[in-house]
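Peer 1: Below are the structure tokens for one structure; questions will follow.
Number of protein chains: 2
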Amino acid sequence: MAQINEHYRKLQAGYLFPEIARRVGAFREAHPGADLIRLGIGDVTLPLAPAVVEAIRRAAAEMGTPEGMRGYPPEQGAEDFLIAAIREHDYAARGVPVDPSEIFVSDGSKQDSANIQEIFGPRCRIAVTDPVYPVYVDSNVMAGRAGPATAEGYYEGVIYLPATEKNGFMPPPPEEHADLVYLCSPNNPTGAVATRQNLEAWVDWARRADAVIVFDAAYDAFIRDPSLPRSIYEIDGARSCAIEMRSFSKRAGFTGVRCAYTVVPRDLTGSTSTGERVPLRELWARRHATKFNGVPYVVQRAAEAVFDPEGRKQTAAQVDYYMENARILREGLAGAGFTLFGGEHAPYIWMRTPEGRSSWETFDLLLERAQVVGTPGSGFGPSGEGYIRLSAFGDRDRVAEAVERITRAGF
Amino acid sequence: MAQINEHYRKLQAGYLFPEIARRVGAFREAHPGADLIRLGIGDVTLPLAPAVVEAIRRAAAEMGTPEGMRGYPPEQGAEDFLIAAIREHDYAARGVPVDPSEIFVSDGSKQDSANIQEIFGPRCRIAVTDPVYPVYVDSNVMAGRAGPATAEGYYEGVIYLPATEKNGFMPPPPEEHADLVYLCSPNNPTGAVATRQNLEAWVDWARRADAVIVFDAAYDAFIRDPSLPRSIYEIDGARSCAIEMRSFSKRAGFTGVRCAYTVVPRDLTGSTSTGERVPLRELWARRHATKFNGVPYVVQRAAEAVFDPEGRKQTAAQVDYYMENARILREGLAGAGFTLFGGEHAPYIWMRTPEGRSSWETFDLLLERAQVVGTPGSGFGPSGEGYIRLSAFGDRDRVAEAVERITRAGF
Chain A
17 MAQINEHYRK LQAGYLFPEI ARRVGAFREA HPGADLIRLG IGDVTLPLAP AVVEAIRRAA
77 AEMGTPEGMR GYPPEQGAED FLIAAIREHD YAARGVPVDP SEIFVSDGSK QDSANIQEIF
137 GPRCRIAVTD PVYPVYVDSN VMAGRAGPAT AEGYYEGVIY LPATEKNGFM PPPPEEHADL
197 VYLCSPNNPT GAVATRQNLE AWVDWARRAD AVIVFDAAYD AFIRDPSLPR SIYEIDGARS
257 CAIEMRSFSK RAGFTGVRCA YTVVPRDLTG STSTGERVPL RELWARRHAT KFNGVPYVVQ
317 RAAEAVFDPE GRKQTAAQVD YYMENARILR EGLAGAGFTL FGGEHAPYIW MRTPEGRSSW
377 ETFDLLLERA QVVGTPGSGF GPSGEGYIRL SAFGDRDRVA EAVERITRAG F
Chain B
17 MAQINEHYRK LQAGYLFPEI ARRVGAFREA HPGADLIRLG IGDVTLPLAP AVVEAIRRAA
77 AEMGTPEGMR GYPPEQGAED FLIAAIREHD YAARGVPVDP SEIFVSDGSK QDSANIQEIF
137 GPRCRIAVTD PVYPVYVDSN VMAGRAGPAT AEGYYEGVIY LPATEKNGFM PPPPEEHADL
197 VYLCSPNNPT GAVATRQNLE AWVDWARRAD AVIVFDAAYD AFIRDPSLPR SIYEIDGARS
257 CAIEMRSFSK RAGFTGVRCA YTVVPRDLTG STSTGERVPL RELWARRHAT KFNGVPYVVQ
317 RAAEAVFDPE GRKQTAAQVD YYMENARILR EGLAGAGFTL FGGEHAPYIW MRTPEGRSSW
377 ETFDLLLERA QVVGTPGSGF GPSGEGYIRL SAFGDRDRVA EAVERITRAG F
């Protein structure tokens, strides 16, 4: 009798986005002519940059020739040209040395952040910020580290670090011990960004606690202030306590192209039950070689093109476009009397719900009164209650129209 | 103190292909001018079919336009057009009904076959054929189901079913109970193919044992006899006991393009510890939604093109080419006195080593005497000892030259 992985049954039933889809569907049915503006799911909307399109087209043509055909990608996920480009532009250019053997290319940071827990022991204690990107928690629920869910939507075995207005949505390290902590900056969903001091405090704590930080920098391209850290390795000591993940999804419109990477420094070790230290890089390399087969050649060339002078200019213009949307949302909605956070170094605005309403109530009101779709903050964790996430990934005119409609509707 | 997943340390150290690379490297160093013929790793060599190249190029151009831009793929991994094409050409055309909701598109059968164990409980008993594609076993070692390795290269907790000359490399179901069994037909590495009777016996056993079969049909396109089953669902009752995996890698030269899919029928259930039945499809859907983010749009279009009339013709011609290579290898080496198996419905020849030599000894001899690189059968499991796997994925002239060299060298 094949038994199932019963940890799956501890997952909270209603996943956020299906529930949004259900409510939007019901609204559409009741109002067939409604003109909805979607500021919900954080998905890019601008067309793929010409340099990227051209790179894919060229690579496809290349594979149609005997000399240009490529079979299985290398074990680390990508060929040297892409790993060299990442190393040069994302690290060396900011004075951060990273060895090519420390870079693992994959088809997405979602996958990497879901899979990374697998190289750790079953009793590792996990800490996450609250609200949080659900994948960090769900992947640990599935692996049996989270325990049962409470009525409030927490898991008993997970340490939650509330990200609140009071701490600027940047919770400090926990008092109690954690083995593995997930940090995301610029943050999804709150739009908050970690300062150098924030990261220094975390690195200092992790080194003292012998803990590992999983640093998700999927939104680093949206940081506008050049003095803010974009990689956790800009902080002294981080190489011995942090894994970093980056993605091409948001920085270059790759959500439908699929490319990301994870850095596991050689200095980073975990412990066996007898106290022996084992380089985590070796474990991740083994996982990558056994359970992954690399990124498509055409996608590797697409990612390489993001670093070309033309690709950099074009994708930077896309980021600028989204950040101008964020400014319009922030200023417009502040003018309409809302209290807002984020949106300065991140494509997400974290809006306090008016009059102490719940996230879902406000979601429904936005839909009914302004035909605008947001994302209820409570869907990202209990401390998200009382907030709505608005995404700046959208068409400029529609974003401006959304601001106007919300202002007109009055809240 | 972050503890590691100690099950990783039970993995056998020397992975097969790195060891081959090491020996080939040493040979090259000793013989700098040597002209090696590689019949080792099973990777495609022919250029990507023109219909596939064109589909990628068109899809890339589409994504460069506002109307054609695509963000995140759907939760099941691909859009309706690809799922419909798979359903029609791979299933309906053979009289096998499969619901679109049962098809999950991914970036590779390696990944799917590594990940599938995750939806099962930690104490599920695994059975594999021996020799075997290492990923089935290694993924279970990493998850803690395999226990420690023995000196002979087996894992204590895994049931091995020897595939031998005596049983035509198609072992019957085990006497002892297994919960989850991995079958691969046409087989990698032996090249054997399951008949209808073989599969009927397995389905019958699985239904009686309440076990689940993971049926890996990555090489189904190489089956030459139309009366042989290409899907396990051609067998009555398989929908309630089997998961099937297929890939575009070998059938259409996609090893560097990355696309595959897994079918989990709605009729298939597993059990909780209290005996409640749970549809496995729901668990796999949840895994797919949480830990995967779909296949690149350009790759989905590439896979769709494999089913177009032109794509089918072109990719069928590639398979024919490789199978003619297989014929040349089979007949040539049989003429040189070797005993061979497989290669009739599979791109792999399973060659008995001469004079009772070991697989690695024969590997070294082939390298030294004929400058031909094979794959030692013992690398796929202890019962592979005494065999060499030769791959038919290669250039026609080089394959013929390999036969000539081996014949000339004399063994």
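One line per chain: the protein sequences are A and B, in this order. To convert, note that position 293 of the first sequence is 309 in my numbering; the numbers rise steadily by one, no gaps. To convert, note that position 310 of the second sequence is 326 in my numbering; the numbers rise steadily by one, no gaps. For each residue, glycine too, the CB sits at the ideal point set by N, CA and C.
What residue range is occupied by the uninterrupted beta strand (DSSP E) comprising Ala276(A)?
Peer 2: Counting along the chain, the beta strand (DSSP E) containing Ala276(A) begins and ends at 276 to 279.
Peer 1: Under 8 Å, with one C-beta from each stretch per pair, do the segment 206 to 217 of chain A and the segment 242 to 252 of chain A reach the 3-pair mark?
Peer 2: Result yes; three or more Cβ-Cβ pairs closer than 8 Å.
Peer 1: Pick out the complete alpha helix (DSSP H) segments inside the segment 198 to 249 of chain B, 4 residues or longer, and give them in chain order.
Peer 2: Complete alpha helix (DSSP H) runs here, min 4: 212 to 225.
Peer 1: Using a Cβ cut-off of 9 Å, pull out every chain B residue sitting near Arg38(A), in sequence order please.
Peer 2: Simply none; closest approach about 14 Å.
Peer 1: Excluding sequence positions up to five away, which residues of its chain have a Cβ less than 7 Å from the Cβ of Tyr24(B)?
Peer 2: Excluding residues within five positions, the ones whose Cβ falls inside 7 Å are Met158.
Peer 1: Beta-carbon separation of Ile365(B) and Leu356(B) under 8 Å?
Peer 2: Contact: yes.
Peer 1: Return helix, strand or coil for Phe357(B), following the three-state DSSP convention.
Peer 2: Residue state, collapsed to three classes: strand.
Peer 1: Beta carbon of Ala77(B), beta carbon of Val69(A): below 8 Å?
Peer 2: Closer than 8 Å, so yes.
Peer 1: Would you list the one or two residues that DSSP bridges to Val388(A)?
Peer 2: Val388(A) is bridged to Ile53(A).
Peer 1: DSSP state of Asp283(B), grouped into three classes?
Peer 2: DSSP places Asp283(B) in coil when its eight states are reduced to three.
Peer 1: Have a look at Val322(A) and Ala67(B) and give me their C-alpha separation to the nearest angstrom.
Peer 2: Each residue's Cα considered, the two are about 27 Å apart.
Peer 1: Considering just the uninterrupted stretch of the alpha helix (DSSP H) at Phe14(A), what are its terminal residues?
Peer 2: Here chain A comprises residues numbered 17 to 427, so residue 14(A) is not present and cannot be evaluated.
Peer 1: How about Val311(B) and Ala94(B): are their beta carbons less than 8 Å apart?
Peer 2: Yes, these two residues count as a Cβ contact at 8 Å.
Peer 1: Can you give the Cα-Cα distance for Val508(A) and Asn131(A), rounded to whole angstroms?
Peer 2: In the structure as shown, chain A starts at 17 and stops at 427, and residue 508(A) therefore has no counterpart that could be examined.
Peer 1: Between the C-alpha atoms of Ser399(A) and Gly390(A), what's the straight-line distance to the nearest angstrom?
Peer 2: Taking the straight line joining both Cα atoms gives about 17 Å.
Peer 1: Determine whether the beta carbon atoms of Gln387(A) and Ile53(A) lie at a separation below 8 Å.
Peer 2: Result yes, Cβ atoms of Gln387(A) and Ile53(A) sit closer than 8 Å.
Peer 1: Starting from Pro295(A), trace the beta strand (DSSP E) in both directions and tell me its first and last residue.
Peer 2: Here the beta strand (DSSP E) through Pro295(A) covers 293 to 295.
Peer 1: At a Cβ threshold of 8 Å, is Tyr277(B) touching chain A?
Peer 2: No, because no Cβ of chain A sits closer than 8 Å to the Cβ of Tyr277(B).
Peer 1: Could you check where the beta strand (DSSP E) with Leu177(A) kicks off and where it finishes?
Peer 2: Note, Leu177(A): beta strand (DSSP E), 174 to 178.
Peer 1: Does the Cβ of Phe308(A) have 16 or more other Cβ atoms within 10 Å, making it buried, or fewer, making it exposed?
Peer 2: It is buried - the Cβ of Phe308(A) has at least 16 other Cβ atoms within 10 Å.
Peer 1: I want to verify the contact list: residues of chain B whose CB lies under 8 Å from the CB of Asn341(A), in sequence order.
Peer 2: Those within 8 Å of Asn341(A) in chain B number zero; the least Cβ separation is about 15 Å.
Peer 1: Cα-Cα, which of Ala162(B), Pro187(B), Ala352(B) is closest to Arg173(B)?
Peer 2: Position check: residue 173(B) holds Gly in this sequence, whereas Arg was assumed. Cα-wise, what sits closest to Gly173(B) is Ala162(B).
Peer 1: Taking Cβ positions only, does Glu417(A) come closer than 8 Å to chain B?
Peer 2: Not closer than 8 Å to any Cβ of chain B, the Cβ of Glu417(A) fails to qualify, so no.
Peer 1: So, under 8 Å CB-CB, Gln19(A) and Asp195(B) are touching, yes? Tell me the CB distance rounded to an integer number of Å.
Peer 2: Sure, about 7 Å apart at Cβ, within 8 Å.
Peer 1: Are the C-beta atoms of Leu299(A) and some chain B residue less than 8 Å apart?
Peer 2: Yes, contact with chain B.
Peer 1: I'd like the list of long-range same chain contacts for Thr145(A), defined as Cβ closer than 6 Å, with 5 residues on each side in sequence excluded.
Peer 2: So the qualifying residues of the chain are Leu177, Ala179, Pro187.
Peer 1: From what residue to what residue does the beta strand (DSSP E) around Arg262(A) run?
Peer 2: Looking at the DSSP string, the run of the beta strand (DSSP E) that includes Arg262(A) is 258 to 263.
Peer 1: Quick one, which of Glu216(A), Gly426(A), Ile404(A), Ala258(A) has its alpha-carbon nearest Val279(A)'s?
Peer 2: Measuring from the Cα of Val279(A), the nearest candidate turns out to be Ala258(A).
Peer 1: Decide if Phe136(B) is buried, meaning its Cβ has at least 16 other Cβ atoms within 10 Å, or exposed.
Peer 2: Buried.
Peer 1: In terms of residues, what are the limits of the alpha helix (DSSP H) holding Val144(B)?
Peer 2: Premise fails: Val144(B) lies in the beta strand (DSSP E), 142 to 146, not in any alpha helix (DSSP H).
Peer 1: Please classify Ala418(A) as buried or exposed, where buried requires at least 16 neighbouring CB atoms within 10 angstroms.
Peer 2: With 16 or more other Cβ atoms within 10 Å, it is buried.
Peer 1: 8 Å is my cut-off, CB to CB: does Gly353(B) come that close to chain A?
Peer 2: Taking Cβ atoms only, chain A never reaches closer than 8 Å to Gly353(B), which makes this a no.
Peer 1: For Ser289(A), which residues in chain B fall below 7 Å Cβ to Cβ?
Peer 2: Here the neighbours are Gln19, Glu22.
Peer 1: Under a three-way DSSP split, which group does Tyr364(B) fall into?
Peer 2: Strand, per DSSP.
Peer 1: What first and last residue would you give for the beta strand (DSSP E) that runs through Phe409(B)?
Peer 2: Note, Phe409(B): premise wrong, no beta strand (DSSP E); not H, not E.
Peer 1: Going along the segment 124 to 137 of chain B in order, which residues come within less than 8 Å of chain A, judged by CB to CB distance?
Peer 2: Within the segment 124 to 137 of chain B, the qualifying residues are Gly124, Lys126, Gln127, Ala130, Asn131, Glu134, Ile135, Phe136, Gly137.
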